[in-house]
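Below you'll find the structure, written out as structure tokens, and then a few comments.
There are 2 protein chains.
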Amino acid sequence: MGGRVNEDLIKERRKCTFDIKELTHIIDCGEENTIKRKQIDNYILNIKELWDDVPEEYLSHKERYENAIKKAFIVLKVLRQLHTGNIQITDHRTPTNVYSIQDGIFRNVNPLLIHIGLFWSTIAAQASTEQQAEWLQPDSSMIGTYVQTELGHGSFIRGIETTATYDSTTDEFILHTPRLSAYKWWPGGLGNTANACLVMAQLYINGTCHGLHIFLAQIRDFDTHKPLPGIKVGEIGPKMGFNTADNGFLGFDNHRIPRTNMLMKNVQVLRDGTYVKPKHDKLTYGSMLLTRVTLISDLAYQLSKAATIAVRYSAVRRQSPIKSNEPERQILDFVSQQHKLFITIASSHVYRVVGLWMWNSHKRVTADIHEGNMGQLPELHALACCLKAISSRDASALVEQCRLACGGHGYMMASNLPQIYAYTTAAVTYEGEYTVLLLQTARYLVKFWRLAAEHKPLPQNFAYFEDYIKKNFEQWRNSPEGIIEGFKAIVAGKTKAAYDTLQCNLRNGREFEEAWNMASVQLTNASEYSTISRNDIEALQSRYEELLALIRPNAVGLVDAFDIRDEVLCSTLGAYDGRVYERMMEEASKSPLNEDVVNESFHKYIRPVTMKNKL
Amino acid sequence: MGGRVNEDLIKERRKCTFDIKELTHIIDCGEENTIKRKQIDNYILNIKELWDDVPEEYLSHKERYENAIKKAFIVLKVLRQLHTGNIQITDHRTPTNVYSIQDGIFRNVNPLLIHIGLFWSTIAAQASTEQQAEWLQPDSSMIGTYVQTELGHGSFIRGIETTATYDSTTDEFILHTPRLSAYKWWPGGLGNTANACLVMAQLYINGTCHGLHIFLAQIRDFDTHKPLPGIKVGEIGPKMGFNTADNGFLGFDNHRIPRTNMLMKNVQVLRDGTYVKPKHDKLTYGSMLLTRVTLISDLAYQLSKAATIAVRYSAVRRQSPIKSNEPERQILDFVSQQHKLFITIASSHVYRVVGLWMWNSHKRVTADIHEGNMGQLPELHALACCLKAISSRDASALVEQCRLACGGHGYMMASNLPQIYAYTTAAVTYEGEYTVLLLQTARYLVKFWRLAAEHKPLPQNFAYFEDYIKKNFEQWRNSPEGIIEGFKAIVAGKTKAAYDTLQCNLRNGREFEEAWNMASVQLTNASEYSTISRNDIEALQSRYEELLALIRPNAVGLVDAFDIRDEVLCSTLGAYDGRVYERMMEEASKSPLNEDVVNESFHKYIRPVTMKNKL
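Heads up: the sequence lines are chains A and B, in that order.
1 is the number of the first residue of the first sequence in the UniProt record's numbering; add one for each residue after it.
1 is the number of the first residue of the second sequence in the UniProt record's numbering; add one for each residue after it.
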């Protein structure tokens, strides 16, 4: 799709006051990464077989899957070429990997996402050296997935009902689904693609339950792909998003696997049924922690996509004169529009930096654990819980705000904004549900508040609790540091209020858990506990308006710096050239409903009614 | 799908403390309406041809349309039977009509929605007596739609570029699309179904523009359905929702229609080109006002659907013991869940009552207008603007909250919650965009604040502005009346702050329109301007917790009282019998991806990779 660049966008780029490339290099963590990323972009995006004639949204549910699986194996081949000899690619969304491009190739999600991103990495992290030597082969026939959630059990994973019972007579585990609610439900790629999976199940030895463990189970014949005896597997049906992935269900009818298929790096079952406990409970939750950490960067990337689309569109779109004798203005000139969009650009940077910081912390803590030092794990875990919840909620709210800021055209699938929202909002739920994680964060805060209230020593990160109790907080200041101080005061004040409610419920004779449940709404709400005054708020409001005006001329430059290619944005509204209406019309022309001048339903249904008395 | 009712739901219904049927009658505005509604439900829902073997979400874009149009003409026939001789059915979502059932039949929207709901009613409201006699025929061949928005023009309708130029030599109007951005875009049913439409265009007579007027244009041949010469029409492609309706685009290449095709009840163009102005400008915006009024009740109905699904599911779903030695609890027992769901039930009742009140006000004001009295129109218009904005935003946020409260299963299309969200969020944009309408409301408030500030007489409805200036507000009271007083104080305080910012910008040398734009972020935000204290908030918090506990035992009864049939809810999670997991598995079994044991893509794409070295 050639064509001139929209005049308004040319002007916007001309008036940008900073070096766009320089910001791109900062985002990529260095110019050398930008160069490498662009090389990979060029290499993959030039593979013609990856591009559709008819956009994915026109296809039926079944065709979508088949189209995606075709592309997935092309991508898999490329990944293997790029990472020769290393089929673990976990460096999700970091500058030099290829995940971002996949958003464009699939306009959705790679059905092999779990196979590539979680199946192999979990084996690498949790299987013993011998198991790794056997399973991590470049020519492995396994297409795997990670199977945890059940129809009846999600957030409360201890409630999982699938059992793995050790049979010492045959040296096997018997995997079993005791009832309908125990059917596995949701894993990506499970429905039709995977022939193997890592299954989370309750381990039973001699009638004793040892809790959840992970087992490698083959579920389909490698050669014929038919489900093995004792396996009931299928696809769960259409979802709000992720429809290129065959999320599946799975039931076991006393399905036997070798004892050596339990992942045994940190925990073992010996031949005689002896159970060897892990050194540390948290070790088995590593996969979930890693996923939460990488998710933050992924969400930052989704925010940058939404911001790019909405800002470019707002520079091209004209609506209403601000003064009645003027021509219609770029909607980017409206302060209410700036308010909606600029915060999305800012949030993308915030979560990118936080995501990178968490990624590095995770690396450091993992290295410490290898040295036998678990000390930093609880704080990393608490931070990942809280940040996963907040970033997913923020990102989905802001993506939706960008979509709505594009008016009716943002409702078109061809804008790609509905798909980015469907993708982003899923993250509010999966891998730790929002409210559940916030309540975990609240427990963590209340734990340290109790220490503060009892005047016991606090970790450095919670020193501000003590300041709050001693009223050591400074008077509100309208500066970045002052605002951070203000947020600390709000956290301390809210935690105190929650703690007091809890204590009050306890004094009224409630048991702790009931008292906690009763207080749980307050625990997730916010209010003002700082010393901010009406005048301070007015000053901040003025400053905010000034900042919006300062950012305005650089808005297009700021999103250009994200440097996301049109093939990845997949948006009629957000392309670099700003040919919005031309692209919308070109996309509409691809609709199969426009192939025939008259749709056959006219003859079948319409004409018999409208021409009834005329023939 | 037979089967026993879920035990938990049986218990919930047993402990309900009020008469569910009585509440249903209140919702229906009387028992006689309930009876009539149920008769219509039974009649229509028993028509077998209206039900699919394969759910709509599995179909391709084209198949969806064809399936929907088949049903639409069955429904049209039924509507004509039910309302013999009266093909205008505008009493949208009021108790005794059949709109609600359509949500279930189409799992989406009727492609003839605009034909039935807006095309005929606009002719009835805006066409002259002679035109009505000609066009409103029961055997009319017209399938119509309402065509206003253009690719480049939505909210600012004065910017519409399509022209209707009078040619007095032939007594015709020439409809023309001067450029790409002037293409009509969005009308439902326009793409493939409609053969006629009401077009909003700029009227030109002898080189003078008289602004926007409505014209009836035939666009396809009634007999062959082929587009007429000079007409470029087609379908715009997939959207976030409304995919059973063929939203379309339309361009005119000097398309001629008779002069008598302009809607001439309130305004006329005579044979010699004389333009006869309407008595009142606002008269031509009647269709939009009516749509906004009816939308409020529609959104209340969508809220009742979402609440029914989420509450029933939350009574069936069990997750986590509250105390560690207990069995897992119904998630409806968690206060954080009650907080998310009960407000949805309450909001549905609020908007239902407000919608009914607006509907009756609209009837009264319309009757007044017929008597020549336009006095009440501006206030009704302002109220409809504000309530349309608030109700659509509230409803979509609450529907999404209900969806997220159902966890991962709420992400399944079979829950129907994603579709209800897609349907509801569209209302934030169409028929008056949220921010645009809020800013109109703000202008209205600021206008009366200026009167108050200048100590000029105020209408009764704005007396509280004067109270606020004179500091006549009472001290905060924790009672319903006290809360209403508090809201008045907030509105007054916010309006004052906006007005002051505006004045300040003006004093700094800004012109009014620039000053307004600069202040427009503040104008759409909220803050506390009442005399409420920390203690008051704590007391309200306790009262709120008490109320959640009081409502809890009646939650299922409250949603049962909405009396929405399973065929309309279309939800595996929300059915009356609560057989959640059974229905989820039954729905999944309908997936075409589960028809073949091995999908053909295994042989084409998977096997060549996984078995490469094994053969």
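C-beta: ideal position from N, C-alpha, C; glycine also.
No experiment lies behind these values; they were computed from the predicted model shown.
- Between the alpha carbons of A/N599 and B/I257 lies a distance of about 25 Å.
- Among the bridge pairs identified by DSSP, B/K239 is matched with A/M412.
- Under DSSP, A/P227 takes part in a beta bridge, and its partners are A/R220.
- No Cβ of chain A is located within less than 7 Å of the beta carbon of B/Y313.
- Taking 7 Å as the CB threshold, B/H225 lines the interface with chain A.
- Cβ contact annotation for B/T424 (same chain, cutoff 6 Å, sequence separation greater than five): Q302, A395, S396 and V399, in chain order.
- Per DSSP, B/D41 is not a residue of any beta strand (DSSP E); the alpha helix (DSSP H) it occupies stretches across E31 to L45.
- For the pair A/P55 and A/A426, the Cα-to-Cα distance works out to about 22 Å.
- When Cβ-Cβ separations below 7 Å define contact, A/K70 makes contact with chain B.
- Within chain B, no C-beta atom comes less than 8 Å from the C-beta of A/D298; the nearest is roughly 17 Å away.
- For A/N325, no Cβ of chain B is located within less than 7 Å of the residue's own Cβ.
- Within chain B, the residues H153, G154, S155, F156 and G159 have their CB atoms less than 8 Å from the CB of A/Q319, given in chain order.
- Around the beta-carbon of A/K340, 16 or more other beta-carbon atoms lie within 10 Å, marking it buried.
- In terms of Cα proximity to B/S589, the closest of B/R37, B/D53, B/I26 and B/I47 is B/D53.
- Contact note: A/F119 does not reach chain B at a C-beta cutoff of 8 Å; the least C-beta distance is about 13 Å.
- Excluding its 5 nearest sequence neighbours in each direction, A/A422 has C-beta neighbours in its own chain below 7 Å: M240 and G241, listed in chain order.
- Interface annotation for the region 500–520 of chain A against chain B: E511, E513, E514, N517, M518 and S520, criterion Cβ-Cβ distance under 7 Å.
- Under the 10 Å beta carbon count, A/V267 is surrounded by 16 or more other beta carbons and is classified as buried.
- Within the region 459–477 of chain A, contact with chain B at the beta-carbon level (separation under 9 Å) is assigned to no residue.
- Looking at the DSSP output, B/M200 sits in a beta bridge with B/I214.
- Using a 10 angstroms sphere on the CB of B/W449, the tally of other CB atoms reaches 16 or more, which defines it as buried.
- Using a Cβ-Cβ cut-off of 7 Å, A/T429 counts as an interface residue toward chain B, since at least one Cβ of chain B sits closer than that to its own.
- Shown here for B/Q475: same chain residues with a beta carbon closer than 6 Å to its own, the five before and five after excluded, namely T531 in chain order.
- Contact between the region 504–519 of chain A and the region 461–476 of chain A is absent, with fewer than three C-beta pairs closer than 8 Å.
- Between B/Y166 and B/G273, the C-beta gap is smaller than 7 Å, which places the two residues in contact.
- Among the CB atoms of chain A, one or more fall inside 7 Å of the CB of B/K239.
- Contact annotation for B/N192 against chain A: L593 and N599 [CB-CB distance below 7 Å, chain order].
- Relative to the Cα of B/N517, the nearest Cα in the group A/F334, A/R403 and A/N461 belongs to A/F334.
- Under the criterion of beta carbons closer than 8 Å, B/M611 and A/D223 qualify as touching, at roughly 6 Å.
- Shown here, A/T260 sits in a helix according to DSSP, grouped into three states.
- For B/P418, the nearest beta carbon of chain A is closer than 7 Å to its own beta carbon.
- Identification of chain A residues near B/A452 by a Cβ-Cβ cut-off of 9 Å yields none; the smallest Cβ-Cβ distance measures about 20 Å.
- Under the three-state reduction of DSSP output, A/L175 falls in the strand class.
- Residues I101, R565 and E567 of the same chain have their beta carbon placed closer than 7 Å to that of B/L45, with the five preceding and five following residues left out of the count.
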